[in-house]
Amino acid sequence: MEELYRRSKIVLIDNRPMFTQGIKSSIKTIDSSLDVFEYKSIEEIINDKLEWEFFTFFLRVGNTYDHVILSNIRKLRNTYGSCKIILYDYQESIDYIITLFKENIDAYLPDNFDEGDLKECFLSVESNKLYLNTQIALQLLTFKPNKRTERKIQFTPTEVKVARLLVRGMRTSLIAKEMGKKISTISTIKSNIFKKAKVSNIIDLASSMDNMQIA
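Read left to right, the sequence shown gives residues 1 to 215 (full-length UniProt numbering).
Written out as structure tokens, the structure is:
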């Protein structure tokens, strides 16, 4: 099959191995010359320090909090200035997809995209055009938006206190000493905080503080 996409390195970011294998197979069917790499998170990519700049990042967003999605887009843009970013499977209000395009993504695909959608998407991105499939475009045209409020994250009072101390830069051992608890207890609380906020670092945790709500 002839090459249709000059950006020969595709990076899939999705923590569901069976799904990534299916997407990888579809990509290879469209253009067998493409190299496809798989990662479970943005952090893995940043830590790997990929040297090739002209990547196409294929990022599943799912039900990730909006502020984390925006943070991930910015991380990729800041690290790989010439990259292309294709998002897929956003599970919240469809009108927010417009905001994601304003944040400089190149394409969006729904969770049920097929090889035809994928090929059209690649051709558009290759031509430096934005891509949004017909299904989503029609939904956006007929969508009647309600006042949008981002989901609040439910935390216990103890989790809120620990989160605030973490954001201030305190280490786990110092937090344990200040609160009169074991280090292992604070480590468990920290892990729960990160899991609830759907973040993996202090910077993203800080940006989610406004959405914290005491349960």
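For each residue, glycine too, the CB sits at the ideal point set by N, CA and C.
Source: prediction; values computed, not measured.
Other residues of its chain near residue i: CB distance less than 7 Å, five sequence neighbours each side excluded
i           : result
residue 1   : Since pLDDT at residue 1 reaches only 38, below the 50 mark, its modelled position is unreliable, and the value read off the structure follows with that caveat. 31 and 32.
residue 61  : 69, 87, 89 and 90
residue 115 : 26, 29 and 30
residue 189 : 158, 159 and 162
residue 47  : none
Cβ-based neighbour list, residue i, same chain, cut-off 8 Å, excluding 5 preceding and 5 following
i           : result
residue 20  : 12, 14 and 38
residue 178 : 165 and 170
residue 201 : 43
residue 24  : 12, 36 and 38
residue 180 : none
Chain-order list of residues whose beta-carbon lies under 6 Å from that of residue i (same chain, five-residue window excluded)
i           : result
residue 84  : 56, 106 and 125
residue 133 : 117
residue 45  : 39
residue 203 : none
residue 65  : 198
residue 186 : 172, 175 and 176
residue 17  : none
residue 163 : 193
residue 101 : none
Cβ-Cβ separation, residue j to residue i (assumed contact under 8 Å), whole Å
i           : j           : result
residue 131 : residue 120 : 7 Å
residue 77  : residue 112 : Not confirmed; about 27 Å, so no contact.
residue 183 : residue 173 : 5 Å
residue 94  : residue 143 : 6 Å
residue 63  : residue 92  : 7 Å
Reference residue i; option with closest CA among the options
i           : options              : result
residue 154 : 94, 196 and 102      : 196
residue 206 : 190, 138 and 166     : 166
residue 159 : 209, 114, 122 and 44 : 209
residue 36  : 43, 47 and 22        : 22
residue 42  : 111, 63, 74 and 52   : 74
residue 140 : 16, 168 and 99       : 99
residue 10  : 143, 201 and 58      : 58
residue 199 : 47, 71 and 92        : 71
residue 82  : 173, 96, 51 and 67   : 51
residue 122 : 162, 34 and 156      : 34
residue 136 : 156, 161 and 110     : 110
Whole runs of the beta strand (DSSP E) within the stretch 90-162, excluding any shorter than 3 residues: 107-109 and 153-155
Inside the stretch 36-85 only - alpha helix (DSSP H) runs reaching at least 4 residues: 42-48 and 66-79
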